[in-house]
Amino acid sequence: MSYQKFASLYDALMEEAPYEEWVEVLKRSIGKKHLHDISILDVACGTGELLIRLLDEGADVAGVDLSADMLVIAKEKCEVSGYSPLLFEQNMADMPKLGEFDVVTAFCDSLNYLSTEQEVQKALKCFAEQLSSGGILLFDVHSTSKIESGFIGQTFADDGEDTAYIWTSFAGEHPYSVEHELTFFVKRESGLYERFTELHKQRTFPLSSYQTWLEEAGFVVQDCFADFESKSPDPKSERIFIKAQKK
20 MSYQKFASLY DALMEEAPYE EWVEVLKRSI GKKHLHDISI LDVACGTGEL
70 LIRLLDEGAD VAGVDLSADM LVIAKEKCEV SGYSPLLFEQ NMADMPKLGE
120 FDVVTAFCDS LNYLSTEQEV QKALKCFAEQ LSSGGILLFD VHSTSKIESG
170 FIGQTFADDG EDTAYIWTSF AGEHPYSVEH ELTFFVKRES GLYERFTELH
220 KQRTFPLSSY QTWLEEAGFV VQDCFADFES KSPDPKSERI FIKAQKK
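Residue 266 is where the sequence shown ends in my numbering, and the numbering goes up by one at each step.
Written out as structure tokens, the structure reads:
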């Protein structure tokens with residue numbers, strides 16, 4: 020998918036995203052209070068918000084994203100913060116070996132942007148290629164109930180001073196899939212508003228499917244938990260986290 024103009028508005032849309040909680044989940048999952056001297060590949064790094072936080076923690080971080088526009092913004096942010104990490108424009112389901120990392124992260128439901136089982140399986144194998152032996156993969160996905168009850172048929176809106184949006188979610192063509200239609204109104208210097216739309220598709224799968232595919236990709240699943248807490252997923256969970264170790 021292409022983020023087009025969406026890249027320039029991504030940070031406004033994600034203003035309340037729990038980046039600090041993702042950092043804490045990572046620390047807890049790898050048993051480290053500090054991330055000094057840990058090499059991390061941040062998959063679907065977007066505009067670099069999480070990536071910069073990991074760099075601030077002392078980690079050696081590289082970023083990957085499908086969108087060149089996102090990476091341009093990430094690069095600018097990193098430079099302002101005094102960093103110059105490696106940034107790669109790659110499809111997570113078709114990545115060459117970019118290095119050998121201690122940890123691969125794929126947060127913010129990034130795997131849910133892959134539309135087929137085959138793409139998810141390929142992505143997990145690509146993640147394994149990036150990890151050293153015993154390395155850790157940590158990612159989160161929407162639960163099936165989040166897709167069906169939290170998104171489908173729902174409308175979200177925000178009326179900011181310079182940017183407003185309407186976000187409507189419809190059932191997708193596959194089980195546990197959703198289509199997000201985003202309509203933005205952006206105020207220009209003239210005082211007039213420019214309107215444009217983006218369509219984003221997401222799909223998730225039952226937890227058991229992810230567990231099977233991880234094992235097939237050469238991982239041992241070590242932990243599954245939900246909603247940023249150390250609790251097992253239940254039918255009401257919205258975000259499922261999986262920690263897996265490369266064999």
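Ideal placement from N, C-alpha and C gives every residue a C-beta, glycine not left out.
From a predicted model like this one, the values you see are computed outputs, not experimental measurements.
Going along the chain, which residues of its own chain have a beta-carbon closer than 6 Å to the beta-carbon of Leu60, five neighbours each way excluded?
Taken in chain order, the residues that qualify are Ala81, Phe120, Val123, Gln149.
Enumerate, from N- to C-terminal direction, the unbroken beta strand (DSSP E) stretches of 3 or more residues contained entirely within the region 47 to 76.
58 to 62, all fully within the region 47 to 76.
Best match in Phe244, Glu257, Pro254 for proximity to Ala263 [C-alpha to C-alpha]
With distances taken between Cα atoms, Ala263 lies closest to Phe244.
Going by CA-CA distance only, name the one from Glu208, Gly67, Thr174, Ser103 that's closest to Val197.
For the options Glu208, Gly67, Thr174, Ser103, the alpha carbon positioned closest to that of Val197 is the one of Thr174.
Residues near Ser151 in its chain [Cβ-Cβ closer than 6 Å; skip 5 each side]:
If we look at Ser151 and ignore the five residues flanking it on each side, its Cβ neighbours are Glu119.
Would you list the one or two residues that DSSP bridges to Ser188?
According to DSSP, Ser188 bridges with His199.
DSSP bridge partner residues for Val80 (one or two, in chain order)
DSSP lists Ile59 as partners of Val80.
Report the start-end ranges of each beta strand (DSSP E) in the region 87 to 123 that is 3 residues or longer and not cut off at the edges.
Counting only unbroken stretches of 3 or more residues, the beta strand (DSSP E) elements lying wholly within the region 87 to 123 are 106 to 108, in sequence order.
Start-to-end residues for the beta strand (DSSP E) that takes in Lys265:
Annotation for Lys265: the continuous beta strand (DSSP E) segment containing it runs 258 to 265.
Helix, strand or coil at Thr216 [DSSP, three-state]:
Residue state for Thr216 is assigned as strand, using DSSP reduced to three classes.
My assumption, with CB atoms under 8 Å, is that Tyr229 sits in contact with Val160. Please give the rounded CB distance.
Rounded, the Cβ-Cβ distance is 7 Å, consistent with contact.
Asp79 and Ile57 look like a contact to me (Cβ under 8 Å); what is the Cβ gap, rounded to whole Å?
Contact between Asp79 and Ile57 holds, since their C-beta atoms are separated by about 7 Å, short of 8 Å.
Whole angstroms is fine: what's the gap from Gly237's alpha carbon to Ala147's?
Rounded to the nearest whole angstrom, the C-alpha separation of Gly237 and Ala147 is 7 Å.
Which residue marks the beginning of the alpha helix (DSSP H) containing Gln140, and which one marks its end?
Looking at the DSSP string, the run of the alpha helix (DSSP H) that includes Gln140 is 136 to 149.
Between Asp177 and Met33, what straight-line distance do the alpha-carbon atoms span, to the nearest angstrom?
Whole-angstrom Cα-Cα distance: 12 Å.
Excluding the 5 residues preceding and the 5 following Trp232 in the sequence, name in chain order all residues of the same chain whose CB lies nearer than 7 Å to its CB.
Result list for Trp232: Val139, Gln140, Leu143, in chain order.
Anyone know if the C-beta pair for Glu213 and Val205 falls short of 8 Å?
The answer is yes: Cβ separation under 8 Å.
Within 8 Å, strictly: CB atoms of Ser164 and Pro254:
Their beta carbons are under 8 Å apart, which means Ser164 touches Pro254 by this criterion.
Tell me the DSSP secondary structure of Lys165 in three-state form.
Note: Lys165 maps to helix in three-state DSSP.
Residues in its own chain within less than 7 Å of Lys96 by CB, not counting five upstream and five downstream?
Thr66, Gly67, Ile71.
Count the other CB atoms, across all protein chains shown, that sit within 10 Å of the CB of Ala63; report buried if there are 16 or more and exposed otherwise.
Result: buried.
The beta strand (DSSP E) that contains Thr231, what's its start and end?
Looking at the DSSP string, Thr231 is not in any beta strand (DSSP E); the run it does join, the alpha helix (DSSP H), is 226 to 235.
Which class does Ala36 belong to by DSSP, given the choice of helix, strand or coil?
Coil, per DSSP.
State the CB to CB distance for the pair Phe170 and Phe126, rounded to an integer number of angstroms; the pair is presumed to be in contact (CB under 8 Å).
No, Phe170 and Phe126 are not in contact; Cβ-Cβ is about 18 Å, not under 8 Å.
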